[in-house]
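Protein chains: 2
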Amino acid sequence: MHAVDREEHNREVKRKILDAAREVLLADGVDGFSMRKLGAKIGYTATGIYHHFADKQGVLKALLDADFKAFRAGLGRIGKIDDPIERLRKMGIAYVEFASAHQDHYRLLFMTPQLKQVDGEITCGDPAEDAYAFLRETVTEALAAGAFRPEFKDADELSQIIWGGVHGLVSLHIAKANDPWVPWKPLKATFRRMNDALIRGLTVAE
Amino acid sequence: MHAVDREEHNREVKRKILDAAREVLLADGVDGFSMRKLGAKIGYTATGIYHHFADKQGVLKALLDADFKAFRAGLGRIGKIDDPIERLRKMGIAYVEFASAHQDHYRLLFMTPQLKQVDGEITCGDPAEDAYAFLRETVTEALAAGAFRPEFKDADELSQIIWGGVHGLVSLHIAKANDPWVPWKPLKATFRRMNDALIRGLTVAE
DNA sequence: TTGACCAACCTAACACTGTTAGGTATCGTT
DNA sequence: AACGATACCTAACAGTGTTAGGTTGGTCAA
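Which chain is which? The protein sequence lines are A and B, in order. Number 75 in numbering that gives the first Met the number 0 belongs to position 76 of the first sequence; there are no gaps in the numbering. Number 199 in numbering that gives the first Met the number 0 belongs to position 200 of the second sequence; there are no gaps in the numbering.
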């Protein structure tokens, strides 16, 4: 009977840890994120956290999973658009919007190697993996509709080209935002024009 | 008279440090790079290095500058191609080749925020800055030749779109190379097709 | 030649980091 | 009421970048 209370409590603590982690990440950035700081934020020592998460990467992975899942859900809403090419265009824009709103999340997710799998949890599928699958699915649909130029036949190749295009501008902005020697144009506007250009170059003129 | 010997010696030591740094970086990656390890490689303690470089970032910046300068020189050789659009295409390919040959360098240069300026040295201009300027220059030339679609008028915007496209695929490959859930297509081939598509989307059909 | 200086290194230490071993107290169950 | 697990703790290890302060030896002016 009261065993459920304990489970309840653990869920609550886990949630509190993730909330604190989000705060620390936002306040101190990826590099300033430490287990001791995280623990202090909820009145724990650093080691206390290890009872709820395997290690530092486990915490971060869980946080990223949770938050990226929201983005993935947002992508789903786009799924209603009929024209797959138009859907791709909108997906790109949503992607950029998510990335620039959660720069530290994005940096950890897509600009840092070796954020290894956390296999303890239920994990219910990596949301990033799922997002790639969603992109690939849309590409496949567009492929079937004959929307792409005839030299493009491979869904993975196309997906990676499109993903690469989106990711490039975003990650450069995140990494090099403060470099004085590049006069950055507004990210979203620039991306929209790049997106259009890339899609135009991939598809057949109608 | 002997003062030059000392200068000579310091230059020599500095060179040895950078050589060792290159080795450590290649062997242990960015994360495994430590001052103590670097010192040990040339029979110094970690602190000994601080007599030749301001701090860890200073060492890395100097190493990156030196090695990236070679790439920049390679870009210069491309400068001979007459058609600016064709030159852009070749520059992209050279960029990808450099990046995939020096992944750790690339990661530090373009995927890591805040590799702050080292202002002590002669620095003779950031080679990365110079590379961007070189790209911009070529774009300006193509712009003047009327090669781009009429809606593209801004050299910085165009430069950033092109740079973003190149950088995207490369950096995704570096960051997510070992992710099992994305069946990576060969980088160089995929890039070539993306490059073509993007250029096609940016330029007027001839 | 001697005295002073200064460059180039060193050791020791500080304040951090992630992580583990092992102790303690509280709580649910029997 | 006694047991045992759970949820936390303290202490410690091995590592990090960096600084303060010492030591040694070569350079240079008197």
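All residues carry an ideal CB built from backbone N, CA and C; glycine is no exception.
Mapping DSSP to helix, strand and coil, what is V117(B)? Translated into positions along the second sequence, residue 117(B) becomes position 118. Note on V117(B): pLDDT 45, under 50, position unreliable in the model; no value is reported.
Using 10 angstroms around the beta-carbon of A176(A), count the other beta-carbons present and answer buried if the total reaches 16, otherwise exposed. What you label residue 176(A) is simply residue 177 of the first sequence in a count that begins at 1. For A176(A), the number of other beta carbons within 10 angstroms of its own is below 16, and it is reported as exposed.
Which of the three DSSP states, helix, strand or coil, is assigned to S190(A)? Position 191 of the first sequence, counted from the start, is the residue given in the question as residue 190(A). With the sequence shown as reference, residue 190(A) is identified as Phe, and Ser is not the correct amino acid for it. Residue state, collapsed to three classes: helix.
Per-residue DSSP class, three states only, for F32(A): By one-based count along the first sequence, residue 32(A) stands at place 33. Correct three-state label for F32(A): coil.
When S158(A), P126(A), A127(A) and L186(A) are compared against E140(A), the one with the closest alpha-carbon: If you number the first sequence from 1, residue 140(A) lands on position 141. Considering only alpha carbons, the answer is S158(A).
Euclidean distance between Cα positions of A98(B) and K152(B): On the second sequence, residue 98(B) is found 99 positions in, with the first residue counted as 1. On the second sequence, residue 152(B) is found 153 positions in, with the first residue counted as 1. Put simply, the backbone Cα of A98(B) is about 29 Å away from that of K152(B).
Contact residues within the region 22-54 of chain B, judged by C-beta distance below 7 Å to chain A: Answer in chain order: no residues at all.
Find the residues of chain A that neighbour R199(B), judging by a C-beta separation of less than 7 Å, and give them in chain order. Along the second sequence, read from residue 1 onward, the residue named residue 199(B) stands at position 200. Contact of R199(B) with chain A by beta-carbon distance below 7 Å involves G200.
Can you find the residues in the same chain that come closer than 6 Å, C-beta to C-beta, to Y105(A), ignoring five residues on each side of it along the sequence? Along the first sequence, read from residue 1 onward, the residue named residue 105(A) stands at position 106. Cβ-Cβ distances below 6 Å link Y105(A) to A98 in the same chain, with the five nearest sequence neighbours on each side left out; the list follows chain order.
Under 7 Å between C-beta atoms, does Y105(A) make it to chain B? By 1-based counting over the first sequence, the position of residue 105(A) is 106. By the rule that beta-carbons nearer than 7 Å mark a contact, Y105(A) does not touch chain B.
Since I84(A) meets chain B, which of its residues come closer than 7 Å, beta carbon to beta carbon? Here residue 84(A) refers to the residue found at position 85 of the first sequence. In chain order: nothing, as chain B lies at least about 13 Å away.
Per-residue burial, A8(A) [other beta carbons within 10 Å of its own, 16 or more giving buried]: Residue 8(A) sits at position 9 when you count from the first residue of the first sequence. A small fix is needed here, since residue 8(A) is His in this sequence, not Ala. Its Cβ having fewer than 16 others within 10 Å, H8(A) is exposed.
Under 8 Å by beta carbon: chain A residues contacting I160(B): Along the second sequence, one-based indexing puts residue 160(B) at 161. Within 8 Å Cβ-Cβ: L168, T189, R192, M193 and A196.
If the criterion is Cβ atoms closer than 7 Å, does the pair I86(A) and I80(A) meet it? Taking the first sequence and counting its residues from 1, one reaches residue 86(A) at position 87. Taking the first sequence and counting its residues from 1, one reaches residue 80(A) at position 81. Here residue 86(A) turns out to be Arg, not Ile, going by the sequence shown. Contact flag set, yes.
Touching by the beta-carbon criterion (3+ pairs, under 8 Å), the region 160-170 of chain A and the region 10-18 of chain B: Taking a cut-off of 8 Å for Cβ pairs, the region 160-170 of chain A and the region 10-18 of chain B do not touch, as fewer than three such pairs fall below it.
Determine the burial state of E150(A): buried for a count of at least 16 other Cβ atoms within 10 Å of its Cβ, exposed for fewer. For the purposes of this step, residue 150(A) is identified with residue 151 of the first sequence, where counting begins at 1. Exposed: under 16 other Cβ atoms inside 10 Å.
Can we say the region 19-38 of chain A touches the region 58-67 of chain A, given the rule of at least three CB pairs closer than 8 Å? Yes: the two stretches touch, three or more of their Cβ pairs being nearer than 8 Å.
Answer yes if the region 65-81 of chain B comes into contact with the region 45-54 of chain B, meaning at least three C-beta pairs across the two stretches below 8 Å, and no otherwise. As far as the Cβ criterion goes, the region 45-54 of chain B does not touch the region 65-81 of chain B, which means the pair count is below three.
Taking buried to mean at least 16 other C-beta atoms within 10 Å of its own C-beta, is E6(B) buried or exposed? On the second sequence, position 7 is the one that residue 6(B) refers to. It is exposed - the Cβ of E6(B) has fewer than 16 other Cβ atoms within 10 Å.
Assuming R14(B) and I160(A) are in contact, meaning their beta carbons sit under 8 Å apart, how far apart are those beta carbons, in whole angstroms? If you number the second sequence from 1, residue 14(B) lands on position 15. If you number the first sequence from 1, residue 160(A) lands on position 161. Between R14(B) and I160(A), the beta carbon gap of about 41 Å keeps them out of contact (Cβ cut-off 8 Å).
Please work out which residues of its chain come closer than 8 Å, Cβ to Cβ, to L197(B), disregarding the five sequence neighbours upstream and downstream, and give them in chain order. Translated into positions along the second sequence, residue 197(B) becomes position 198. Within the same chain, L197(B) has close Cβ partners I160, I161 and G164.
Measuring only between beta-carbons, confirm whether Y94(B) sits less than 7 Å from chain A. Walking along the second sequence from the start, residue 94(B) turns up at place 95. Chain A has no Cβ within less than 7 Å of the Cβ of Y94(B).
So the alpha helix (DSSP H) K89(A) belongs to, where does it begin and stop? Reading the first sequence from its first residue, position 90 is the one you call residue 89(A). For K89(A), the enclosing alpha helix (DSSP H) covers residues P83 to A100.
Compute the distance between the beta-carbons of D155(B) and P179(A), then report whether it is under 7 Å. Indexing the second sequence from 1 puts residue 155(B) at position 156. Indexing the first sequence from 1 puts residue 179(A) at position 180. A distance of 7 Å or more separates the beta carbons of D155(B) and P179(A).
T111(B): contacting residues in chain A (beta-carbon distance under 7 Å): Translated into positions along the second sequence, residue 111(B) becomes position 112. What T111(B) touches in chain A: A174.
Per DSSP, which one or two residues make a beta bridge with T202(A)? Residue mapping note: residue 202(A) aligns to position 203 of the first sequence, counting from 1. DSSP output for T202(A) lists F147(A) as bridge partner(s).
Helix, strand or coil, according to DSSP, for G42(B) in the structure here? The residue given as residue 42(B) occupies position 43 in the second sequence. Looking at G42(B) - three-state DSSP - the assignment turns out to be coil, as it is neither helix nor strand.
Quick check on this structure: which residue in H101(A), A174(A), I84(A) and T189(A) has the alpha carbon closest to the alpha carbon of A65(A)? As a first step, residue 65(A) must be located in the first sequence, where it is residue number 66. Ranked by how close their Cα comes to the Cα of A65(A), the residues H101(A), A174(A), I84(A) and T189(A) have H101(A) in first place.
Using the beta-carbon count (16 or more within 10 Å), is R88(A) buried or exposed? Locating residue 88(A) in the first sequence gives position 89, counting from the first residue. R88(A) should be labelled buried.
Determine the extent of the alpha helix (DSSP H) in which G78(B) is found, giving its start and end residues. Residue numbering aside, residue 78(B) sits at position 79 when the second sequence is read from its first letter. Unbroken run through G78(B): none, as it is neither H nor E.
Is V181(B) close to chain A, meaning its C-beta is less than 7 Å from at least one C-beta of that chain? By one-based count along the second sequence, residue 181(B) stands at place 182. Taking Cβ atoms only, chain A reaches closer than 7 Å to V181(B), which makes this a yes.
Can you tell which of F109(A), M90(A) and R148(A) has its C-alpha closest to the C-alpha of R135(A)? Within the first sequence, numbered from 1, the residue matching residue 135(A) stands at position 136. The shortest Cα separation from R135(A) among F109(A), M90(A) and R148(A) belongs to M90(A).
How about G73(A): is its C-beta nearer than 7 Å to some C-beta of chain B? Position 74 of the first sequence, counted from the start, is the residue given in the question as residue 73(A). At a cut-off of 7 Å between beta carbons, G73(A) makes no contact with chain B.
Between K89(A) and chain B, is any beta-carbon pair separated by less than 7 Å? Translated into the one-based positions of the first sequence, residue 89(A) becomes position 90. No, its Cβ sits nowhere closer than 7 Å to a Cβ of chain B.
Given a threshold of 16 other Cβ atoms within 10 Å of its Cβ, counted over all protein chains shown, does R71(B) qualify as buried or as exposed? On the second sequence, residue 71(B) is found 72 positions in, with the first residue counted as 1. Counting Cβ neighbours within 10 Å, R71(B) comes out buried, since at least 16 surround it.
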